[in-house]
Amino acid sequence: MILLYLTRKRRCAVKASVYCPATEKIPLHERVTALEQLLGVWLTVHDIRGIWSARQRDALLPGRRWHRCPFCEEGRFTDKNAEINCSRDCMTEPHLRVRSDPRPFLKCCWRGVWELVVPVCEKGQPVLILYAGPFRENGRREPADTGGMSEYHRSFYRHLPPLKEVEKKRLLPVLELIGGAIQEELHRISDPEPASDSRAGAIRRFIIENAHRAVAQEELACALHLSPSRAAHVVKQELGMCFSEALMKERMNRAANLLRTHPAIPLPELAASLGFTDSSYFIRCFSKAYGMGPRAWISRRKTADV
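Mapping of the sequence shown onto numbering that gives the first Met the number 0: position 272 corresponds to residue 271, and the numbering continues sequentially without gaps.
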């Protein structure tokens, strides 16, 4: 039986399993798996900014960029419509929502199951999204609409745990705790050296923290307490390239990371997530960086993986 009721004692056990020094040598994915079993949920993690490479992310949390629950996986990759609907309900729409309102929420997908969606923020901006579920609607043993469900899905639905408001409130702080631990580990593997206080380090951190939005060199100058002209000189001296080049390099790296993770992502959404206000301009920049447009790049990767 799946247990979702978390007593104070169990919440403390969850916190200890994430942060206790005794678990430091245990890989994070093993700790997260143990927590999934304890909580009775499947966890999916989306890096919505594309900050971390697929290699870094998968080394830390292998297989958690997709919904791994058999209910979600059944038929998804063999049914084109299922893939389109899943991408819309579990990626495009939640990503857009948390960018404007980074608060946890419940969502129902096209197959009628529910998930708790928990954004993980850094300096007030979402960087990760945790999905926990799936759940059936409380008090309902049969899905409201079976049109999108096979007999397998209908049978599986009956055995999903119901999501009650009281259980949501108990799950939420635990998921936020897990999200913080995942974020810390991702930062650690992507930047194994201690944060540098040098100007080069400060410039890189500024670019990493702001590449998701429209940002100007004048803002960097303000952060460095320099005049715009002096900041331009310092960036060139420290990074070997101008600010716009360094910013574009970071954005193109993120574009590739996001396309590897979510190949069906709509290009306007991808462009907006990288600070572009014009998707056509983003496509031109991507083509210049990789020698082909985003869709052609994805197609080539799929062919190479066959």
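Even glycine gets a Cβ: it sits at the ideal position worked out from N, Cα and C.
In this structure, Phe205 sits away from Leu185, with a CB-CB distance that is not shorter than 7 Å. His158 is classed as exposed because its beta carbon has fewer than 16 other beta carbons within 10 Å across all chains shown. Remark: C-beta atoms of Leu105 and Val44 do not approach each other more closely than 7 Å.
By the neighbour-count criterion, in which 16 or more other beta carbons inside 10 Å mark a residue as buried, Asp46 falls on the buried side. Along the length of the region 36 to 114, whole alpha helix (DSSP H) runs at least 4 residues long occupy 53 to 59, 69 to 72, 79 to 86 and 92 to 99, reported in chain order. In the three-state reduction of the DSSP assignment, Cys241 falls in the coil class. Within the model, the alpha-carbon separation for Phe281 versus Pro118 is close to 26 Å.
For Phe275, the three-state secondary structure derived from DSSP is coil. Closest in C-alpha terms to Ser228, from the list Gln216, Ala201, Trp41 and Glu244, comes Gln216.
Looking at the DSSP output, Arg135 bridges to Pro161. Ranked by how close their Cα comes to the Cα of Arg153, the residues Pro69, Gln124 and Arg30 have Pro69 in first place. For Leu219, the enclosing alpha helix (DSSP H) covers residues Gln216 to Leu223.
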